[in-house]
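J.:
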Ligand SMILES: [Fe+2]
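Residue numbers (the working numbering): 352 to 661.
1. What residue range does the beta strand (DSSP E) around residue 565 cover?
2. So, does the stretch 439-446 touch the stretch 461-479, judging by three or more C-beta pairs under 8 Å?
3. If contact is defined by three or more beta carbon pairs under 8 Å, each pair taking one atom from either stretch, is the stretch 395-406 in contact with the stretch 614-628?
4. Decide if the stretch 495-508 is in contact with the stretch 590-601; the criterion is three or more beta carbon pairs, one per stretch, under 8 Å apart.
5. Answer with buried or exposed for residue 563, where buried requires no fewer than 16 other C-beta atoms within 10 angstroms of its C-beta.
6. How many Å lie between residue 430 and residue 421 at the Cα?
7. In the DSSP output, which residue or residues are listed as bridge partners for residue 643?
8. As a quick check of your reading: which residues have a C-beta less than 6 Å from at least one non-hydrogen atom of ligand 1, in chain order?
9. Would you decide whether residue 648 is buried or exposed? Buried here means 16 or more other CB atoms lie within 10 Å of its CB.
10. Within the same chain, show all residues whose beta-carbon is closer than 7 Å to that of residue 677, passing over the 5 residues directly before and after it, in chain order.
11. Does the separation of the CB atoms of residue 501 and residue 575 fall below 7 Å?
12. Please list the terminal residues of the continuous beta strand (DSSP E) segment that includes residue 538.
13. Pick out whichever of 471, 354, 408, 360 has its Cα sitting closest to the Cα of residue 487.
14. In whole angstroms, what separates the C-alpha of residue 363 from that of residue 357?
15. Where in the stretch 426-472 do unbroken runs of the beta strand (DSSP E), each at least 3 residues long, occur, reported from the N-terminal end onward?
16. Starting from residue 401, trace the beta strand (DSSP E) in both directions and tell me its first and last residue.
17. Looking at the structure shown, is residue 636 part of a helix, part of a strand, or coil, going by DSSP?
18. Could you check where the beta strand (DSSP E) with residue 544 kicks off and where it finishes?
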C-alpha cells in the first residue's frame, strides 16, 4: 500500500505495543483483498488442509466446538451459509496461498517495525475469518503475538490479564507443548477483570503476549483478519514455557523460574529441542473429526454428517 496501513498511530503506541492492548484504526479494506467477492474467490481455490469450518455452542462458559468441511460448496455459497448460520470459516496462512496477501502482510509488519524501535518480527501469518451473527470464540490464549483486524460487522473482544489466575503457568506450558488446544479454564467472574472492546470496520486490536481472550459477534456477519508474529522475546518465552512444561509434566518437577533472558533460557530451549528430537511428545491429546458439511440451505448453515477423520 502506498498509504500507511495504520491510520491513527501515536507516539504512545510505540511504548504500548506488545505489552498492553492497543486499539487502532486501519486501511486494510482499501486493498480490496477482503471484500466478500475476493474472499469467495479465495475459498473456491483454497487448499482443504488450510482452512477450518467450525460451529459452536451458545453458552460461553461451556466449550463446545465442532469441525466441518466446505464439502464442494462454492465460496459464494459458503459465505451465504456463514451469513445466516452459526459457523465460521477460518482461512489459515493466506499468505502461503496468494502472494498478494503475503505482500500486504510484509507491509503490515514493516510498518510496525518502522514505528516500534527494536521490533524485529518473523514467521508472520495472516488469516481471514468469516463468522456468523452471534458466533463466539471461547476463552483461550495463543502462543505468538496476535492482532485482530475488523473488516466488516462488529464484535466484542474481552482481553484478560496474562497472569494467574486468568492464565496459569501449567496451562500455558500445556498449550506450548501441544498437549491441549488453546482453550483454558474460564470462570464468568473473570469478566470483572477483562478489558472490553467493541470493534467495527476499520478498527484493530493488538494485545499483550499470551493474554487470554474471548470474542462474541454482534448480530451480523463478521469479516476479520488475524495476524500473528514472532520476535526473539516471544521465542524465548516459548522456549521457557516448553522447558518448564517438560520439567513439570515429564520429570515431575515444579519449575519456578520464568526468566526470559540469560542462561536458563538457553538451557530450557535446549531441553525443548532435545525433547522434540526424541519425538517423545508426538502423541497429540486432541483429535477432532469432521461431523458436518456446510449447507447454505440449512437454518444453521450446515448439515450433520457421519463423523470422519480429517
Ligand atoms: Fe486468539
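We put the beta carbon where it would ideally sit given N, CA and C, even for glycine.
T.: Looking at the coordinates:
1. 564-568 is the extent of the beta strand (DSSP E) around residue 565.
2. Yes, they touch.
3. By the C-beta criterion, the stretch 614-628 is judged not to be in contact with the stretch 395-406, since fewer than 3 inter-stretch pairs fall below 8 Å.
4. No, the stretch 495-508 is not in contact with the stretch 590-601.
5. Result: buried.
6. Rounded to whole angstroms, residue 430 and residue 421 show a C-alpha spacing of 10 Å.
7. Answer is 419, 655.
8. Matched residues: 491, 493, 497, 564.
9. So residue 648 counts as exposed.
10. No information on residue 677 is available, as it lies outside the stretch 352 to 661 that the chain covers here.
11. Between residue 501 and residue 575, the C-beta gap is smaller than 7 Å, which places the two residues in contact.
12. Premise fails: residue 538 is in no beta strand (DSSP E) and is neither H nor E.
13. The shortest C-alpha to C-alpha distance from residue 487 to any of 471, 354, 408, 360 is the one to 408.
14. For the pair residue 363 and residue 357, the Cα-to-Cα distance works out to about 14 Å.
15. Those beta strand (DSSP E) runs which fall completely within the stretch 426-472 and span 3+ residues are 438-442.
16. Secondary structure note for residue 401: it is in no beta strand (DSSP E), with a DSSP letter that is neither H nor E.
17. Bear in mind that the predicted position of residue 636 carries a pLDDT of just 49, short of 50, making it unreliable; the figure below should be weighed with that in mind. Residue 636: coil per DSSP, three-state reduction.
18. Following the DSSP letters along the chain, one finds residue 544 in no beta strand (DSSP E), marked with neither H nor E.
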